[in-house]
């Protein structure tokens, strides 16, 4: 298959930054977020809040996880035209991909907590979204937090251990070519796109595979499962819309769903190229697709032809009566030149109708509480969770201190107790019977949350 270098370079190039062109003013508010890193140091990063001045207050919010949205992004303009505020990390650096599973997760959790408290924002109408690693981050935030109205994960990683192993394997086919190049030659992206066997994987693999090495070195063998949304679906407490392409060479579709068949290796890939979950050495819990871990009665799956017109927005169907929607676009097998899809010149995913429908319901109608989610919150309250626990000796103004994490948990549970006190009490009692180690934390949480709502 002849490689379309134009499409590859379009996928790799950054959009040109330009001023927003809208028929109204937009306030840009930068919020500095101090948070504690995995080594205990204090880091500061910023999130930018875009606020359309013609929208009624308080506004719905679209929180774009992990990656920075540029002012040339068509979706930013579309969200603002709806009268929605938008939040996004700014000053993004490649090293944030290297720290996706730890420091970046803590920062995004801190940023979401900070922006939902802004006086202009309606905390009952917040959408979390992101693409690729940002889709993964959106899912992890939905696992961690209560009170998100809905989540849209665009080609997001759902099995972080498998995906990092896969990238390491796929990139191994590029290593022989790279070993023969000088440091200067390695900077020539156009040339690399022509000569690397699997070029787009070659451009991104080294940014992500360090996450897998840290998982391998972690003292707790459960860390890979805790960091993989496919093993944590019991902690989802808001509706989620997933989108994917059959041809995705960066985040293979099989980790999301097998309903439409296994991921298929195209003719342009090496004969011994591995892509299926079953071809990798994984613990039993990580051998399932995410769809296999969701209740069938709460899941809608769509398999539809991919758009073909250059620049065409990708419409996303959904069933509002289902908590989970998976939409897979058929582009055929995975090929060596592909990124998240073969046709890299398509427009963005348009999930605005889904977002709008869920925002109209507010979190009071979209959210539910599970024993798994409450258990995770209780573990974080204790400071014992593998996911964003509090740390001792951290200043109370820094996200990651005992005070900030406990306050976040109590705030998120307080609205649920106000609406569903009897249901909360029942979940608490069942969880205490199942997890005696959480009884003291659950009793303390319950007493404080009930006090907040009286």
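Numbering (the working numbering), first residue to last: 9 to 462.
Each residue gets a CB set at the ideal place from its N, CA and C atoms; glycine is no exception.
So which of 35, 50 and 368 has the shortest CA-CA distance to residue 42?
Ranking the options by Cα distance to residue 42, first place goes to 50.
Would you give the residue range spanned by the alpha helix (DSSP H) that residue 234 belongs to?
If you look at residue 234, you'll find it in the alpha helix (DSSP H) that goes 231-234.
C-alpha gap between residue 32 and residue 127, whole angstroms:
Within the model, the alpha-carbon separation for residue 32 versus residue 127 is close to 21 Å.
Under 8 Å between C-beta atoms of residue 336 and residue 265
Taking 8 Å as the Cβ cut-off, residue 336 and residue 265 qualify as a contacting pair.
What are the uninterrupted segments assigned as alpha helix (DSSP H) that are 4 or more residues long and contained completely in the stretch 326-378, given in chain order?
360-374, all fully within the stretch 326-378.
With DSSP as the reference, label residue 75 as helix, strand or coil.
Looking at residue 75 - three-state DSSP - the assignment turns out to be coil, as it is neither helix nor strand.
Measure the beta-carbon distance from residue 105 to residue 215 and round it to whole angstroms, keeping in mind my assumption that it falls under 8 Å.
Your pair residue 105 and residue 215 checks out as a contact, with CB atoms roughly 4 Å apart and the cut at 8 Å.
Alpha carbon of residue 451 to alpha carbon of residue 38, nearest angstrom
Spanning the two alpha carbons is a distance of roughly 38 Å.
Find out if the Cβ-Cβ distance for the pair residue 274, residue 342 is shorter than 8 Å.
Yes, Cβ-Cβ distance for residue 274 and residue 342 is below 8 Å.
If you follow the beta strand (DSSP E) that residue 40 is part of, which residue opens it and which one closes it?
DSSP places residue 40 in the uninterrupted beta strand (DSSP E) bounded by 34-44.
Pop quiz: residue 383 and residue 443 are said to be a contact at Cβ under 8 Å. What is the actual Cβ separation, rounded to whole angstroms?
The pair is a contact, with the Cβ atoms about 6 Å apart (cut-off 8 Å).
Using a Cβ-Cβ cut-off of 6 Å (strictly less than) and excluding sequence neighbours within five positions of residue 440, which residues of its own chain qualify?
Within the same chain, Cβ atoms closer than 6 Å to the Cβ of residue 440 are found at 447 and 450, the five residues on either side in sequence being excluded.
Residues bridged to residue 70 (per DSSP):
94 and 135, per the DSSP bridge assignment.
Tell me whether the beta-carbon of residue 8 lies closer than 8 Å to the beta-carbon of residue 406.
Not covered by the structure: residue 8. The range shown for the chain is 9 to 462.
Residues bridged to residue 129 [DSSP beta-bridge criterion]:
In DSSP, residue 129 forms a bridge with 67.
With DSSP run on the structure shown, which of helix, strand or coil describes residue 2?
Outside the modelled stretch of the chain, which goes from 9 to 462, sits residue 2, for which no answer is possible.
Three-state secondary structure (DSSP) at residue 161?
In the three-state reduction of the DSSP assignment, residue 161 falls in the strand class, which pools E and B.
State the DSSP-derived secondary structure class of residue 323, mapped to helix, strand or coil.
If DSSP states are grouped into helix, strand and coil, residue 323 belongs with the strands.
Alpha carbon of residue 304 to alpha carbon of residue 279, nearest angstrom:
About 35 Å.
For the alpha helix (DSSP H) containing residue 177, name the first residue and the last one.
Start and end: 168-187.
Between the C-alpha atoms of residue 376 and residue 94, what's the straight-line distance to the nearest angstrom?
Their backbone Cα atoms lie some 25 Å apart in a straight line.
Count the other C-beta atoms from every protein chain shown that fall within 10 angstroms of the C-beta of residue 325, then say buried if there are 16 or more, exposed otherwise.
By the neighbour-count definition (other C-beta atoms within 10 Å, threshold 16), residue 325 is an exposed residue.
Using DSSP's beta-bridge definition, name the partner residues of residue 310.
DSSP, once it has assigned bridges, lists 335 as partnering residue 310.
Residues that DSSP places opposite residue 249 in a beta bridge
BP columns for residue 249 point to 160 and 333.
Here's the rule I'm using: 16 or more other beta-carbon atoms within 10 Å means buried, otherwise exposed. How should residue 163 be labelled?
Under this definition residue 163 is a buried residue.
The beta strand (DSSP E) with residue 209 in it runs from where to where?
Per DSSP, residue 209 belongs to no beta strand (DSSP E); it is in the alpha helix (DSSP H), 207-225.
Among all the DSSP beta bridges, which residues are the ones paired with residue 58?
Partner(s): 36 and 94.
Could you tell me how far apart the beta carbons of residue 428 and residue 454 are, in whole angstroms, since I believe they sit closer than 8 Å?
Between residue 454 and residue 428 the Cβ distance is about 13 Å, and since that is not below 8 Å, they are no contact.
So which of 380, 82 and 46 has the shortest CA-CA distance to residue 319?
Distances from the alpha-carbon of residue 319 to those of 380, 82 and 46 put 82 closest.
If you reduce the DSSP assignment to three classes, tell me which class residue 284 lands in.
In the three-state reduction of the DSSP assignment, residue 284 falls in the coil class.
Taking the CB atoms as reference points, tell me whether residue 109 and residue 141 lie closer together than 8 Å.
No, they are not a contact pair.
In whole angstroms, what is the alpha-carbon distance linking residue 53 and residue 269?
Rounded to the nearest angstrom, the two C-alpha atoms are 42 Å apart.
Measuring CB to CB, does residue 157 end up less than 8 Å from residue 246?
In terms of Cβ geometry, residue 157 and residue 246 form a close pair [threshold 8 Å].
Those residues which DSSP pairs with residue 52 across a bridge
BP columns for residue 52 point to 42.
Using the Cα positions of residue 213 and residue 96, report the straight-line distance between them to the nearest angstrom.
Spanning the two alpha carbons is a distance of roughly 24 Å.
What three-state label does DSSP hand residue 24 in the structure shown?
Note on residue 24: pLDDT 48, under 50, position unreliable in the model; the coordinate value appears next. Residue state, collapsed to three classes: coil.
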